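A short worksheet on the structure shown next.
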Ligand SMILES: C[S@@+](CC[C@H](N)C(=O)[O-])C[C@H]1O[C@@H](n2cnc3c(N)ncnc32)[C@H](O)[C@@H]1O
């Protein structure tokens, strides 16, 4: 048996101690009693720091080795299943009984599946995520809480004036240099992707106008600030927030994963691409290198039996009707759900209550599907799975995020940059592969949306291949934050 205890630092933590005896002992005990072939089992322990998440305390994940006709690498370790434990929640649970139920399959009786197995980036959880942003107003009205309160620190770092001034100062230095050589274009483009309530745009525009007034070279007059988001509601909010700067701002409905479909006209013309807290919110697969083989994590969203029964009763439905209702909710949104299915939800408010209950209950079952070859895995439309090889083969077993949406967004947007332009992104990044071996990096739930840390070394590797320097630094304007600033610019 192989045991991977990732949050090992917690074993000596004075504030939140865990012990191997308590978090692992009962699991191994139950495995021993179950008749499972222990030579083909992995046990992984995580500390799932997100109070709202998609995990049960104990889960079993089948490991499917994939292509039966493919070559068998020398010395691989072929496991049949992985038992996963969230040690943060283990203390309050009879782990031995729970593991026994999970292994016998009795724990899952009556669970309601919302979809078939699929690579996680195609799971319906991304439908929930998109719905959250498109129907944000209804969700926030129901919870009485703004989305920013769920972000790290309870407020977006995008509002930070010091951070904005630093970025603008660097922009001015570039513009001064180009202007002195007569090479500054008449229009100065800045693109922001994923604008939320517009606070980031507002801070940037206010600061730029003030700094320009002192600097005296008329840059604000030439500025075009393009706000991009896939939610029309969010764009409307942001537009109100920056009403003072209306002449310099345009708003575009853009999918962050396919920005060129709208922004291609800006190729080589953008001086700054500004993104914060968006990459961690884009569709993401996970891959794993286990015992010498490569796997793609496949997921399947479901509602646990007890919650499914309660939710079904609350909308006058049987549990087996829930997948249909959820799919209609994700397709039409809560307001139209109330019109389409008045027999189940009598008003938009009831539809929002249904949505919130489902979201709170939804879990992801997982399994590992063998990948026949990294070259056969399409990481993004222009990046082949081979880009993962140096990271997957960087040492011991590892399971890590692919950050497919972030990679697609990043590769398309850097192509828009002016030769002296840069992309600046504040977000949750895993800065090295080791971060995936020692910590849980998502998915977690932030209110109604999904969060996954972004694979920093992968973006850096892909950027380098395209002639860009990609660097990471802790967010410089707030101490104790996990937020990291990524900067990408054409290599000198
Ligand atoms: C957490 S908010 C961040 C808002 C702001 N940048 C900040 O830091 O406060 C995420 C934003 O990304 C947008 N977003 C998420 N997925 C997107 C996608 N695929 N395409 C475009 N926008 C997306 C959401 O609508 C939302 O405005």
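In my numbering, the protein residues as written are 624 to 1115.
We put the beta carbon where it would ideally sit given N, CA and C, even for glycine.
Small disclaimer: the values here were computed from a predicted structure and weren't measured.
Worksheet item: Where do the ends of the beta strand (DSSP E) carrying residue 1043 lie?
Response: 1040 to 1050
Worksheet item: Taking just the CA atoms, how far does residue 817 sit from residue 774?
Response: 14 Å
Worksheet item: What are the start and end residues of the alpha helix (DSSP H) that includes residue 837?
Response: 822 to 838
Fill in: Nearest candidate by alpha-carbon position, reference residue 1074, set 642, 749 and 895
749
Worksheet entry | residue 673 beta carbon near ligand 1 (any heavy atom closer than 7 Å) | no
Worksheet item: Contact check, residue 900 vs residue 779 under 8 Å by CB: the rounded distance?
Response: 6 Å
Discussion item. Going residue by residue through the region 735 to 818, where are the continuous beta strand (DSSP E) segments of at least 3 residues, counting only ones entirely within it?
Written reply: Runs of the beta strand (DSSP E) inside the region 735 to 818: 811 to 816.
Fill in: Test item: CB-CB of residue 1050 and residue 1107 under 8 Å
Yes, these two residues count as a Cβ contact at 8 Å.
Worksheet item: If you count every other CB in all the chains shown that lies within 10 Å of the CB of residue 1034, and 16 or more means buried, which is it?
Response: buried
Discussion item. Tell me the DSSP secondary structure of residue 1027 in three-state form.
Written reply: helix
Worksheet entry | Same chain only: Cβ atoms within 6 Å of residue 989, ignoring 5 sequence neighbours per side | 684, 920 and 922
Worksheet item: Should residue 879 be counted as a contact of ligand 1 given a C-beta to heavy atom distance under 7 Å?
Response: yes
Fill in: Inter-stretch contact at 8 Å, needing at least 3 Cβ pairs: the region 1061 to 1073 / the region 994 to 1003
no
Item to complete: Confirm the yes/no value for this check: CB of residue 758, any heavy atom of ligand 1, distance under 7 Å.
Response: No, ligand 1 has no heavy atom inside 7 Å of this Cβ.
Practice prompt. Drop a sphere of 10 angstroms on the beta-carbon of residue 941, count the other beta-carbons inside from all chains shown, and report buried for 16 or more, exposed for fewer.
Written response: It counts as exposed.
Worksheet entry | Contact between the region 904 to 911 and the region 940 to 957 (3+ Cβ pairs under 8 Å) | no
Discussion item. Check for me: the alpha helix (DSSP H) holding residue 1084 runs from which residue to which?
Written reply: 1079 to 1088
Practice prompt. Work out the CA separation of residue 1102 and residue 653 for me, nearest whole Å.
Written response: 43 Å
Fill in: Whole-Å CB distance - residue 1024 paired with residue 907, under 8 Å assumed
5 Å
Discussion item. Checking the sheet assignment: what are the DSSP bridge partners for residue 680?
Written reply: Answer is none; residue 680 lacks a bridge partner.
Worksheet entry | Spatially closest choice to residue 1030 from 879, 869 and 891, by CA coordinates | 879
Item to complete: Could you check which residue in 1091, 1014, 1047 and 981 has the C-alpha nearest to that of residue 755?
Response: 981
Item to complete: Assign residue 1087 to one of two classes, buried (16 or more other C-beta atoms within 10 Å of its C-beta) or exposed (fewer than that).
Response: exposed
Worksheet item: Tell me which same chain residues have a C-beta within less than 8 Å of the C-beta of residue 1091, skipping the five on either side of it?
Response: 1037, 1111, 1112, 1113 and 1114.
Worksheet item: Taking the continuous beta strand (DSSP E) assigned at residue 847, which residues delimit it?
Response: 846 to 852
Worksheet item: Looking at C-alpha atoms only, which residue of 944, 781, 932 and 643 is the closest neighbour of residue 897?
Response: 781
Item to complete: Check the Cβ-Cβ distances between residue 1004 and every residue of chain D, and say whether any is below 8 Å.
Response: The question asks about chain D, but that chain is absent: this structure has only one protein chain.
Worksheet item: With burial defined as no fewer than 16 other Cβ atoms inside 10 Å of the residue's Cβ, what is the status of residue 687: buried or exposed?
Response: exposed
Discussion item. Tell me the rounded alpha-carbon separation between residue 1052 and residue 1076.
Written reply: Cα to Cα, the separation comes out at about 5 Å.
Worksheet item: Can the beta-carbon of residue 1014 be found closer than 8 Å to that of residue 927?
Response: no
Discussion item. On the CB-based measure, 16 or more other CB atoms within 10 Å of its CB, does residue 784 come out buried or exposed?
Written reply: exposed
Discussion item. As an exercise, report each continuous beta strand (DSSP E) stretch of at least 3 residues that is fully enclosed by the region 872 to 917, in chain order.
Written reply: 872 to 876, 893 to 899 and 909 to 913
Discussion item. Determine whether the beta carbon atoms of residue 904 and residue 1072 lie at a separation below 8 Å.
Written reply: yes
Fill in: Where the beta strand (DSSP E) through residue 1063 begins and ends
First-last for residue 1063: undefined, no H or E at that position.
Practice prompt. Using the DSSP secondary-structure output, state which residues sit across from residue 1094 in a beta bridge.
Written response: 1110
Worksheet item: When you compare only the Cα positions, how much space is there between residue 937 and residue 983?
Response: 15 Å
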